[in-house]
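FYI, the numbering for the sequence shown is -21 to -1, 1 to 319, going by mature numbering (1 follows the signal peptide of the UniProt record, and there is no 0). We put the CB at the ideal spot given by N, CA and C, even for glycine. Bear in mind the structure is a predicted one, so any value in this text is a computation, not a measurement. Heads up, the thing below is written out as structure tokens.
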Amino acid sequence: MSNTKWAVLLGVILTAGALMASATEAGGVFLTIFPGAKATAIGAAFSAVADDATASYYNPGAMAYFNKTEFSLIHAPWLRALASDMYYEFAGFVKPIGKAGVLGGHVIYLTLGEMVAVKEGGEVVGRFRPYDVAVDVAYSTKLRENLGLGVGAKLIHSFLAPGNIIREVLGEPGGGGSATTFALDGGVLYKPFKCLNLSAVLANMGPGLKYTESGNTDPLPWLLRLGFAIRPIENKYHRITISGDANKVLVGFISDLKDLGLSYVLKEAWLHGGIEYTYYDLISLRVGYFYDRYGLRKGITFGGGVKFKNFKLDIADDSKIYDFEESSNRRFSISYIMNQ
């Protein structure tokens, strides 16, 4: 590969590897970034909790239990050890619509920062900013008083580089450099006991992304997510929630099962765990752990939050997951709960 091609693609390749190293066959890896400061602080063990405006992402089935409208905005300077101008944005909402159920949705935006395409002689071909965006709409209802079911549909667009750079650098006569597709999500949240939640989610089920006419189609990161949450203590002053999730990227699942066996497939799952302590529904402290055996990502996550009237402010840090000498990977969330 020429130096010109490296100049254009190196940042994209490195970033994709950092985001989801254990699922190298998949495209649209931005769909696997954990939104929400609360969820991130407990290691993204959130599919059986999903009690804020990120519910449409983690488990649309959890929206069935909402009785108030909530909006949330999340900002994260993303993996600044790779690039100083990368950032991640998320906006989500949940809105009960009476007996008809609950609506929700979210928008995700990730930019990889400015990239420069340079010819071997040093001539600058162009400057551009790769980005990914997804827009999701979800619906949820209760099948029984203790069983919520939800579905979601999302439109996904990914931009890697302008068409003229794709033609000049990669020699692709048809240009390209961007791709659009759609995907479906589905989830359930079951509450067999007052203190126990169980969850199951299938996410990102849809056609892959194809950036050029002659290129391959990159499959979306189809995910199977299973989780639990227990609350051993819950009263007026104190609440403790312990949660865990297992996430399995289903790209290559059949071939991995056939060639490498069930043990490998199970060990490839991402494991999430976390604990949240809340005092008087005002202040929360959180800690979690994330483990991705084959992606070589593991580490402690932590954070906290405060609630004042109808507003919630949360912060989280998952820098320890990523193997960079200098890394600060924080999420900031602000949420507003409307009185019904």
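Pick from the options that is closest to residue i, judged by C-alpha positions
| i | options | result |
| --- | --- | --- |
| N289 | G267, D31, L177 | D31 |
| F9 | V28, A29, Y36, Y169 | Y36 |
| I135 | I262, V148, A162, I294 | A162 |
| G7 | S119, E68, V81, K189 | K189 |
| A179 | Y259, F72, R59, G127 | G127 |
| N195 | S157, P211, N183 | S157 |
Three-way DSSP call (helix, strand, coil) for residue i in this model
| i | result |
| --- | --- |
| L275 | coil |
| Y44 | helix |
| I76 | coil |
| A34 | helix |
| V167 | strand |
| V28 | coil |
| Y190 | coil |
| residue 320 | Outside the shown range of the chain, which is -21 to 319, sits residue 320, and nothing can be said about it. |
| G83 | strand |
| F311 | strand |
| G142 | helix |
| L91 | coil |
| D302 | coil |
| K133 | strand |
Distance CB(residue i)-CB(residue j) smaller than 7 Å
| i | j | result |
| --- | --- | --- |
| G83 | M42 | yes |
| G155 | I145 | yes |
| L229 | W201 | yes |
| T280 | E255 | no |
| G129 | A113 | no |
| Y268 | G252 | yes |
| A248 | K215 | no |
| V95 | R108 | no |
| K133 | D111 | no |
Residue(s) in a DSSP beta bridge with residue i
| i | result |
| --- | --- |
| V285 | I262, L292 |
| A18 | For A18, which the question treats as bridged, DSSP gives no partner whatsoever. |
| R204 | V180, N226 |
| E213 | R218 |
| M65 | None; M65 has no bridge partner. |
| R59 | Paired residues: none, contrary to the question. |
| Y270 | L250, K277 |
Cβ-Cβ separation, residue j to residue i (assumed contact under 8 Å), whole Å
| i | j | result |
| --- | --- | --- |
| A27 | N176 | 4 Å |
| D296 | R309 | 5 Å |
| F181 | G206 | The sequence shown places Leu at residue 181, not Phe. Actually they are not in contact, since the Cβ atoms of L181 and G206 sit about 13 Å apart, beyond 8 Å. |
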